[in-house]
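Residue numbers (the numbering used here), protein chains in the order written: chain A, 1 to 283; chain B, 1 to 312. Read the structure below first, then the notes.
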Amino acid sequence: MYPAPVTEKPLGTRTAYRLAIYTAMVFWMAPLIAIMFTAVRSQSDLLSGNYWGMPSRFALLDNFREAFAISPMWTFFVNSLTVVGVTVILVLILSTMAAVALAKYRLPGSTLLFAMFIGGNFIPYQILMIPVRNMVLDVGLYDTVWGLILFHTAFQTGFATLFLRNFIITLPNELFEAARIEGASEFQILRKVIVPLIRPALAGLAVLIFTFVWNDYFWALVLVQSDSAKPLTLGIAGLKGEWLTAWNLISAAALFAALPPVCLFFLMQKHFVAGLTAGAVKG
Amino acid sequence: MIQKGGAFIASPFPNRCRMFRFWQSNQAWLTPVVLLLLPVGLFLLMIVIPIVQSIWTSFYEWDGTGEATWIGLGNYAELIGDPQFFVSLKNNIIWILMFLLAPVFGLALALFLNQPLRELRFIKAVFFLPLVLAPVIIGVVFTWFYDPTFGIVAIVSRALGLQPIAILSNETFVTFGIIAAALWAQIAFCLVLFLAGLSQLDAELIAAGRIDGASGWKLLRHIVLPQLRSVTFVATIITVIGSLRNFDLISVMTQGGPYGSSTVLAYQMYEATIFSYRAGYGAAIATVLFLIMSIWIAAFLWHTLRREERMG
Chain A
1 MYPAPVTEKP LGTRTAYRLA IYTAMVFWMA PLIAIMFTAV RSQSDLLSGN
51 YWGMPSRFAL LDNFREAFAI SPMWTFFVNS LTVVGVTVIL VLILSTMAAV
101 ALAKYRLPGS TLLFAMFIGG NFIPYQILMI PVRNMVLDVG LYDTVWGLIL
151 FHTAFQTGFA TLFLRNFIIT LPNELFEAAR IEGASEFQIL RKVIVPLIRP
201 ALAGLAVLIF TFVWNDYFWA LVLVQSDSAK PLTLGIAGLK GEWLTAWNLI
251 SAAALFAALP PVCLFFLMQK HFVAGLTAGA VKG
Chain B
1 MIQKGGAFIA SPFPNRCRMF RFWQSNQAWL TPVVLLLLPV GLFLLMIVIP
51 IVQSIWTSFY EWDGTGEATW IGLGNYAELI GDPQFFVSLK NNIIWILMFL
101 LAPVFGLALA LFLNQPLREL RFIKAVFFLP LVLAPVIIGV VFTWFYDPTF
151 GIVAIVSRAL GLQPIAILSN ETFVTFGIIA AALWAQIAFC LVLFLAGLSQ
201 LDAELIAAGR IDGASGWKLL RHIVLPQLRS VTFVATIITV IGSLRNFDLI
251 SVMTQGGPYG SSTVLAYQMY EATIFSYRAG YGAAIATVLF LIMSIWIAAF
301 LWHTLRREER MG
């Protein structure tokens, strides 16, 4: 283990180390602490310039209520949930199909497809913006959540395929051979053998895609215009533009938007980290 | 009538039967083709073809909706004479250089946090948190941080007896202010990678190094870092790509201002296309950005595919 474990060091060193990590943590979290500090403050505190002292009363719930009253937060929230939910399901289905094909069958050009999926992951969104926007306009999905779902599904399928393919390729081939000898068809193998085995990977993938799509801002900006189709990220940005000095409301709304991915992250931390590092570390 | 149909009873759908037999004898290669059809088709339609279309569009003068006129390299010629383009390019370079701090800090933090204490599980999770926050939210929080009257930065600088600077409306500091916000999440990303890398170090090599009297810096330099080469490479490349892709923070924090001093190519492209109705010009900016990023994407692909080959 590197560095040498502090558990083998004298008590003084251990205590100093603990002190150091807790201090570092507080500094690291300063932006989040600031936003929580502000979100619990009442308008009168802000008006009297009491930004960082003790709040005169705990106004978090009032601020939530107010933020929901001055903007269609609830609609934004439902839109975000719809886009993320449908996208995650579609991506899991499509990428499982593609990943199995790339991992367990010999096909000419499969390396090229694999490279396409990896490369597509990293391209700048701007090179897609004009054609994708026009395409979504042409099929009549502009300014609907479905336009967003269409794009996100296509884009995330690249990453997801690469992720699942690396997982599926580690499954032993004997498993498939045995199932074939038993007379299972190729699609039965996919459904009855592969999918149950990759369930943990699918869980990790779902968390990652949830986070990516939930946090998207660019495509919402490009493909959506009216409040009825906006996701939360766009709603928060709008709130910041309109209610320039109501930092308590903006903070409360931002906190609300951050909550779902943060909760999911704490629940599924192991999957999340494993997903993020997949492929980047080994070798 | 029934008799007439007698032949059909044995094989009610001769066509289907033939298809089924064809499927049965060919499913080994047909299966992957069928499986790939939908995902690859969608990916080609929404990602690959639009890239080609964008590059094609960059040779036209076009407002995005009306008639497009072929002007060859006209948009690119205009770019070379556009001072805003060079502001963006300069800022992109600043972004890349500053972002390279992320792997450095990420590694330092990883070494700091790589200890077998129980509470570290939670503390690491806290350090990972910026990763799951939307850039929009990070942008809002840092704007509040930088508020010249009530923000923390202003309060701290006043406490130190300094005149607080309005970071986001100062042409010199604005880009650095935005980068600082972006670095927060990028360092967290590098931290995740390096912690994973550290957890896979070869324990025997390190023990051997310790027996040979190496410790601290020497051990890091000669035994630990060589084992982290692949992680470092990946972290660096993804960091550079991330720095070039940044759009959200600029859009939320400054919209490229003041006076266009904080734009980057990604933002300038959006502005030219959506606000100035110059899709052709926007496409040219996007193409330049795409070409710059292709170099890094190619490096990443080369690394990944070579590793694939090695592993068989």
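Even for Gly, the Cβ is constructed at its ideal location relative to N, Cα and C. Remember, it's a predicted structure, so these values are computed and weren't measured experimentally.
Distance from the CA atom of A/Arg133 to the CA atom of B/Val141, rounded to whole angstroms, is 30 Å. Taking C-beta atoms as the reference points, A/Asn79 and A/Pro231 count as a pair closer than 7 Å. Cβ neighbours of B/Thr273 within its own chain (closer than 7 Å, five residues either side excluded): Gly64, Ala279 and Gly282. In chain order, Ala68, Thr69, Trp70, Ile71 and Gly280 place their CB closer than 7 Å to the CB of B/Tyr60, counting only its own chain and leaving out the 5 sequence neighbours on each side. Counted as a single uninterrupted DSSP element, the alpha helix (DSSP H) harbouring A/Pro200 occupies residues Arg199 to Trp214.
Cβ-Cβ separation between A/Val136 and A/Gly147: approximately 4 Å, consistent with a contact (criterion under 8 Å). Excluding the 5 residues flanking it on each side, B/Asp248 has same chain C-beta neighbours closer than 8 Å at Ala134, Pro135, Val136 and Gly139, in chain order. As a beta-bridge residue in DSSP terms, B/Thr69 pairs with B/Glu61. CA-to-CA, the gap between A/Ile123 and B/Met293 works out to about 7 Å.
Beyond the five residues adjoining it in sequence on each side, B/Gln186 comes within less than 7 Å, by CB distance, of Phe99, Ala102, Thr239 and Gly242 in the same chain, given in chain order.
By the criterion of a C-beta distance shorter than 8 Å, A/Ala203 is surrounded in its chain by Met268 and His271, once the five residues flanking it on both sides are discounted. Taking C-beta atoms as the reference points, A/Ile127 and B/Phe275 fail to come closer than 7 Å. Excluding its 5 nearest sequence neighbours in each direction, B/Leu220 has C-beta neighbours in its own chain below 8 Å: Leu111, listed in chain order. Taking A/Phe27 as reference, the option from B/Gly41, B/Gln84, B/Val126 and B/His222 with the minimal CA-CA separation is B/Val126.
Neighbourhood of A/Thr38 in chain B, by CB distance below 8 Å: Trp144, in chain order. Residue contact with chain B for A/Lys230: absent (no Cβ-Cβ distance below 7 Å to any residue of chain B). Taking a cut-off of 8 Å for Cβ pairs, the segment 245-260 of chain A and the segment 66-80 of chain A touch, as three or more such pairs fall below it. For the segment 167-187 of chain A, the set of residues with a beta-carbon nearer than 8 Å to any beta-carbon of chain B comprises Ser185, Glu186 and Phe187, in chain order. For A/Lys240, at least one C-beta of chain B is nearer than 7 Å to its own C-beta. Listed along chain A, the residues sitting closer than 8 Å to B/Ala203 by beta-carbon distance are Met1.
Comparing alpha carbon positions, the residue from A/Ala206, A/Ala252 and A/Gly275 closest to A/Arg65 is A/Ala252.
Around the beta carbon of B/Ala284, a 10 Å sphere encloses 16 or more other beta carbons of the protein chains shown; the residue is thus reported as buried. Between A/Leu102 and A/Arg180, the CB-CB gap reaches or exceeds 7 Å. Remark: C-beta atoms of B/Leu168 and B/Tyr146 approach each other more closely than 7 Å.
Shown here, B/Trp144 sits in a helix according to DSSP, grouped into three states. Here A/Pro10 is exposed, its C-beta having fewer than 16 other C-beta atoms within 10 Å. Rounded to the nearest whole angstrom, the C-alpha separation of B/Gly216 and B/Arg118 is 23 Å. DSSP places A/His271 inside the alpha helix (DSSP H), whose first and last residues are Gln269 to Thr277. With a threshold of 7 Å between beta carbons, A/Phe122 makes contact with chain B. Rounded to the nearest angstrom, the Cβ distance from A/Met97 to B/Pro39 is 6 Å, consistent with a contact under 8 Å. At the C-beta level, B/Lys124 and B/Leu113 come within 7 Å of one another. For A/Arg199, the closest C-alpha among the options A/Tyr217, A/Glu182, A/Ile168 and A/Ser56 is that of A/Ile168. Not one beta carbon of chain A lies nearer than 7 Å to the beta carbon of B/Pro103. In this structure, B/Ser262 lies away from B/Val153, with their beta-carbon atoms at least 7 Å apart.
At a cut-off of 7 Å between C-beta atoms, B/Arg245 counts as an interface residue with respect to chain A.
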